[in-house]
Amino acid sequence: MFEAKSVRADGSFEGYASLFHTEDIGHDVVMPGAFARSLRRRGAQGVKMLYQHDPNEVIGVWTALTEDTRGLHVKGQLLSDVGRAREVLSLLRAGAIDGLSIGYHAVKAVKDRVTGVRRLMDVDLWEISIVTFPMLPDARVSAVKAGDVELARTIRRAARIFGAR
Numbered sequence: 320m321f322e323a324k325s326v327r328a329d330g331s332f333e334g335y336a337s338l339f340h341t342e343d344i345g346h347d348v349v350m351p352g353a354f355a356r357s358l359r360r361r362g363a364q365g366v367k368m369l370y371q372h373d374p375n376e377v378i379g380v381w382t383a384l385t386e387d388t389r390g391l392h393v394k395g396q397l398l399s400d401v402g403r404a405r406e407v408l409s410l411l412r413a414g415a416i417d418g419l420s421i422g423y424h425a426v427k428a429v430k431d432r433v434t435g436v437r438r439l440m441d442v443d444l445w446e447i448s449i450v451t452f453p454m455l456p457d458a459r460v461s462a463v464k465a466g467d468v469e470l471a472r473t474i475r476r477a478a479r480i481f482g483a484r
């Protein structure tokens, strides 16, 4: 889990939008290198920053997207001229939301017939959203202002409970 810290004064933040070798609520596991082709082709500027996966809610820009040994590390900038971005910034600072979730098309995936787990080998990454309940509960903004840490823990528990149904 990520600890609440601070969104910078200019609205910039960072975190992990995906973690390798970690099963999400939908039984998908992203493998190392899965984003490489898409990132080379699109770059950070070609991946949209949305709120709750809503294409009508563009709230900022991604300034850096990199695969490291842990997963897809992201750096983003909320746009202060966008009303919803100001609201999201306030929610992040309060610790009310901190989830990240990816929108993609699976280019190459292998499904285990026994476990039902789908391993994503290559994905075409379209967007990364700031969300309330991410499919991968540990995909979080890591730079969030200290606020109600217990609320953030409750939200994470709820995401796991709702995902188990």
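Residues 320 to 484 in the numbering used here are what the sequence shown lists, from first letter to last.
C-beta atoms are modelled at their ideal positions from N, C-alpha and C, and glycine is treated no differently.
Values in this document were obtained by computation on a predicted structure and should not be read as measured data.
Residues near residue i in its chain [Cβ-Cβ closer than 8 angstroms; skip 5 each side]
{"i": "Ile378", "result": "Met368, Leu369, Tyr370, Leu397, Leu398, Val401, Arg403, Ala404, Val407, Ile449"}
{"i": "Arg361", "result": "Leu444"}
{"i": "Val330", "result": "It should be noted that the sequence gives Gly, not Val, for residue 330. Once the five neighbours on either side are set aside, the close Cβ partners of Gly330 are Gly379, Gln396, Leu397, Leu398, Ser399, Ala404, Leu408."}
{"i": "His424", "result": "Val442, Asp443, Trp445"}
{"i": "Arg430", "result": "Contrary to the premise, residue 430 reads as Lys rather than Arg in this sequence. Result list for Lys430: Val436, Arg437, Arg438, in chain order."}
Within 8 angstroms, strictly: CB atoms of residue i and residue j
{"i": "Met350", "j": "Arg437", "result": "no"}
{"i": "Ile447", "j": "Ala336", "result": "yes"}
{"i": "Ala355", "j": "Glu386", "result": "yes"}
{"i": "Val393", "j": "Gly345", "result": "no"}
{"i": "Thr388", "j": "Ala363", "result": "no"}
7 angstroms Cβ shell around residue i - same chain, five flanking residues per side excluded
{"i": "Leu455", "result": "Ser337, Leu338, Thr341, Asp343"}
{"i": "Val426", "result": "Asp441, Val442, Asp443"}
{"i": "Ala458", "result": "Tyr335, Ala336, Ser337, Leu338, Gly418, Leu419, Ser420"}
{"i": "Asp347", "result": "Arg437, Leu439"}
Inter-residue CB distance, residue i and residue j (contact presumed, cutoff 8 angstroms)
{"i": "Leu419", "j": "Leu384", "result": "Incorrect: roughly 11 angstroms between the Cβ atoms, too far for contact."}
{"i": "Val380", "j": "Gly395", "result": "7 angstroms"}
Any C-beta of chain B under 8 angstroms from that of residue i
{"i": "Arg438", "result": "Reference to chain B is not applicable here, since this structure consists of a single protein chain."}
Status (buried if at least 16 other CB within 10 Å, exposed otherwise) for residue i
{"i": "Asp373", "result": "exposed"}
{"i": "Ala328", "result": "exposed"}
{"i": "Arg432", "result": "exposed"}
{"i": "Gly435", "result": "exposed"}
Residues near residue i in its chain [Cβ-Cβ closer than 6 angstroms; skip 5 each side]
{"i": "Glu376", "result": "Leu369, Tyr370, Arg403"}
{"i": "Gly390", "result": "Tyr335, Ser337, Leu338, Phe339"}
3 or more residues per run - each beta strand (DSSP E) lying fully within the region 424–461: When DSSP assignments are scanned along the region 424–461, the uninterrupted stretches of beta strand (DSSP E) that are 3 or more residues long and fall wholly within it turn out to be 437–450.
Complete runs of the beta strand (DSSP E) confined to the region 359–384 [at least 3 residues]: If you keep only unbroken beta strand (DSSP E) runs of at least 3 residues inside the region 359–384, you get 367–370.
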